[in-house]
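S.K.: Using my numbering, the first residue of the sequence shown is number 81, and each one after it goes up by one.
Backbone N, C-alpha and C define an ideal beta-carbon position, used for all residues, glycine too.
Since the structure is predicted, the reported quantities are computational estimates derived from the model, not experimental observations.
Pasting a structure here, questions to come.
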Amino acid sequence: MRFSIFSTALVALTGSVVTAFLTADEVATSIATLPAKTQSLIEPAGTLSLANAAFLLLGEGLWAQVLDGLNEISETAKKEIVYMQAVEKNPVKFAGEEAQLIGDALKGLVTVVTELVDSLIKQLDVVEKIPIIGQVVSPVLELLNTLLDNLLNQVVDLVEDVLAEALKLDIGNLDNTLAQAYNAF
């Protein structure tokens, strides 16, 4: 994340991108901020219940914490998308260990987001009893799905084709899980 704010500002000021700032380590480190944020939401998402659902209407409690966290992840993903779109003009293809570093970071993100979404899906009984929760959660999940899909596909374009194909399968599985959650809520 540290590089994307600087790089976004640089792009805004100069109107161009200096690709020397883009390294595999920077891409992997940037991606790694998202799983850390996502991981912190898995436990609260797993304890969502009917008893604490009413607090959502007040903007308090675990439901609000999870929604705020999902929105924060979406904001971080938006910033990364802006950066990735800027470097897209002069794309870099990473291979070997560099590509694997990026691929591992991306797989970590996919795994943690899938865990979080699975935790949310387990709370559908609460949504069935209080439908307004679904009306609040669904748009957040839709935005998260759109942003992550965009970001992950941009990252896949940075790695060699063999690894990219494998990563696309992981992204497809995440898309399916997010779509299942969105449709359920």
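Would you call the CB atoms of residue 182 and residue 104 closer than 8 Å?
M.R.: It is a contact, given that the beta carbons lie within the stated cut-off.
S.K.: Do you know offhand how far residue 227's Cα is from residue 206's?
M.R.: Those two C-alpha atoms are separated by around 26 Å.
S.K.: Rounded to the nearest angstrom, how far is the Cβ of residue 255 from that of residue 229, given a contact under 8 Å?
M.R.: Contact holds; Cβ gap of about 6 Å.
S.K.: May I have the straight-line CA-CA distance separating residue 132 from residue 162, to the nearest angstrom?
M.R.: Going from the Cα of residue 132 to the Cα of residue 162 covers about 36 Å.
S.K.: From the DSSP output, in three-state form, read off residue 135 for me.
M.R.: In the structure shown, residue 135 sits in a helix (DSSP, three-state: H, G or I).
S.K.: Just checking, does the segment 171 to 180 make contact with the segment 143 to 151 on the three C-beta pairs under 8 Å criterion?
M.R.: Output reads no: the segment 143 to 151 does not touch the segment 171 to 180.
S.K.: Rank 137, 252, 142 and 193 by C-alpha distance to the C-alpha of residue 117 and give the top, closest one.
M.R.: Of the candidates 137, 252, 142 and 193, the one whose C-alpha sits nearest the C-alpha of residue 117 is 193.
S.K.: Pull up the DSSP beta-bridge partners for residue 239, would you.
M.R.: Partner(s): 174.
S.K.: Cα separation between residue 91 and residue 159?
M.R.: Below a pLDDT of 50, predicted positions are generally treated as unreliable, and residue 91, at 43, falls in that range; no measurement from the model is reported.
S.K.: Drop a sphere of 10 angstroms on the beta-carbon of residue 242, count the other beta-carbons inside from all chains shown, and report buried for 16 or more, exposed for fewer.
M.R.: Counting Cβ neighbours within 10 Å, residue 242 comes out exposed, since fewer than 16 surround it.
S.K.: Just curious, the alpha helix (DSSP H) that residue 111 is in, first and last residue?
M.R.: 104 to 126 is the extent of the alpha helix (DSSP H) around residue 111.
S.K.: Looking only at its chain, what residues have a beta carbon closer than 7 Å to the beta carbon of residue 248, apart from the 5 residues adjacent to it on each side?
M.R.: Excluding positions up to five away in sequence, the list reads 236.
S.K.: From what residue to what residue does the alpha helix (DSSP H) around residue 202 run?
M.R.: Where residue 202 is concerned, there is no enclosing alpha helix (DSSP H), given that its DSSP letter is neither H nor E.
S.K.: Is the beta carbon of residue 114 sitting closer than 8 Å to the one on residue 156?
M.R.: Result yes, Cβ atoms of residue 114 and residue 156 sit closer than 8 Å.
S.K.: For a test of the three-state rule: what should DSSP assign to residue 161, helix, strand or coil?
M.R.: It is helical.
S.K.: If we ignore side chains and look at the alpha-carbon of each, how far apart do residue 121 and residue 203 end up?
M.R.: Approximately 14 Å between the Cα atoms of the pair.
S.K.: Given that a residue counts as buried once 16 or more other Cβ atoms are within 10 Å of its Cβ, and exposed if not, what is residue 258?
M.R.: So residue 258 counts as buried.
S.K.: Would you mind giving the Cβ-Cβ distance between residue 137 and residue 128, rounded to the nearest angstrom? I have them listed as a contact below 8 Å.
M.R.: Going by Cβ atoms, the distance from residue 137 to residue 128 rounds to 14 Å, so no, they are not a contact pair.
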